[in-house]
Structures are given as structure tokens and as C-alpha cells.
Amino acid sequence: MAELKVIVFQLKDEEYAIPVQQVRSIEKIQHITRVPRVPKYVKGVINLRGVVTPIIDLRMRFGLEEAEFSDHTRVIIVALDDMEVGLIVDAANDVVDISTEAIEPPPEVVDTSTAEYINGVVKIGKRLFILLNLEKVLKTEKG
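If you read the sequence shown in this note's numbering, its first letter stands for residue -6, the second for the next number, and so on.
This is the structure we're talking about:
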């Protein structure tokens, strides 16, 4: 049985997961330099250990209301192809091993505008994780 290790994070009341091999680091929120003429969900850039990294507010990307940053707010630095991007999330909760057999397709009732961001859902006990497709989430940033 194949296993997938994922980072679980929170946005509003939902838990999302991304494969750990796509995650470079998890950082506390820091000063973000705004960039003109970018989509509203692109908050700007940060200087992370000498690398200028674009920052996306996942709440805004998914059409959720903005929230004040708190002590739990984190920036998950993800890598896709040759690109590194920071994702602002409400909290980074866990690293979890899931069986690939436990991944179910997204429910039919999911709004089609967000359904494309979802690879599937995973139930573990009473918890339900939404497995994100980072390529689709980051798609419009590639220009």
C-alpha cells in the first residue's frame, strides 16, 4: 500500500493538505513588500534567505474573506518546477502519512471554480483533508 506524506494546514474552518515533497519550509509571517499590478490574492514578495519569493494569500485565492494575521498565521514555501512561492495559511497543523488508497475524488457538489484546485479528499478518523493540486492553484502566476 503506497503512502503519501502531507503537510496539513488550515484556512478558515477547513483543513487542506499538500505533499511534503513540494514544501520547502514553513515560516512565520513577515514583512511583505507589495508589488503593483498583480492579482489581488498576490500579496507581494518577501526576501527569504536572499531569495525574492512571491506570496499568495490562499484565502483570497479561494474566494474566502480576508482575515487578520495572528500568531498562528504561517507562510508555507512551496516549490513547483523551478518556482518557489509562499502560501499564506491560517495555521500549519500537522505532517500526516496517508494511504493513497484513502484518497477519494472531490465531491460532485464542489463549486467548479474551486474543484480544479482539488486532487481529492482524505478522511482520517473524524478529520477530512482537502488535497490540493498546487499546479492548478499556482497556474496563473506562471504568466
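Note that beta-carbon positions come from the ideal geometry of N, C-alpha and C, so glycine has one too.
Alpha-carbon to alpha-carbon, residue j and residue i
i      : j      : result
GLU59  : SER92  : 33 Å
GLU61  : ASP50  : 11 Å
VAL28  : LEU80  : 16 Å
LEU73  : LEU127 : 8 Å
VAL13  : VAL82  : 15 Å
ILE117 : GLY37  : 35 Å
GLU134 : PHE2   : For GLU134, the predicted model reports a pLDDT of 45, less than 50, meaning its position is unreliable and no value from the coordinates is stated.
GLU109 : LYS129 : 7 Å
GLU8   : ARG120 : 8 Å
HIS65  : ARG52  : 15 Å
ASP87  : ILE22  : 18 Å
GLU35  : PHE122 : Inspection of the sequence shows that residue 35 is occupied by Val rather than by Glu. In a straight line, the C-alpha of VAL35 is about 24 Å away from that of PHE122.
ASP75  : GLN15  : 11 Å
Close beta carbons around residue i, own chain, < 8 Å, minus the five adjacent residues each side
i      : result
ILE96  : LEU(-3), ASN112, GLY113, VAL114, VAL115 and LEU124
ILE19  : ILE0, ARG67, VAL68, ILE69, ILE70 and ALA85
PRO100 : VAL114
Three-state secondary structure (DSSP) of residue i
i      : result
MET196 : The first residue shown for the chain is -6 and the last is 136, placing residue 196 beyond what the model contains.
THR93  : helix
GLU128 : helix
GLY136 : Residue placement at GLY136 is flagged as unreliable, the pLDDT there being 40, under the threshold of 50; the coordinate-derived value follows with that caveat. The answer is coil: DSSP assigns GLY136 none of H, G, I, E or B.
VAL28  : coil
GLU7   : strand
ARG42  : coil
ALA108 : helix
LEU121 : strand
Rounded distance between the beta-carbons of residue j and residue i, thought under 8 Å
i      : j     : result
ILE25  : ILE39 : 6 Å
LEU57  : LYS5  : 6 Å
ARG141 : GLU77 : In the structure as shown, the chain starts at -6 and stops at 136, and residue 141 therefore has no counterpart that could be examined.
Sequence-distant residues of its chain with Cβ nearer than 6 Å to residue i (five each side left out)
i      : result
VAL45  : VAL38
GLY136 : Residue confidence for GLY136 is low, a pLDDT of 40 falling below 50, so the modelled location carries little weight; the figure read from the coordinates is stated next. No residues qualify anywhere along the chain.
ASP90  : GLU(-4) and LYS(-2)
Cutoff 7 Å; reference residue i; Cβ partners in own chain excluding five residues on either side
i       : result
MET(-6) : SER92 and GLU94
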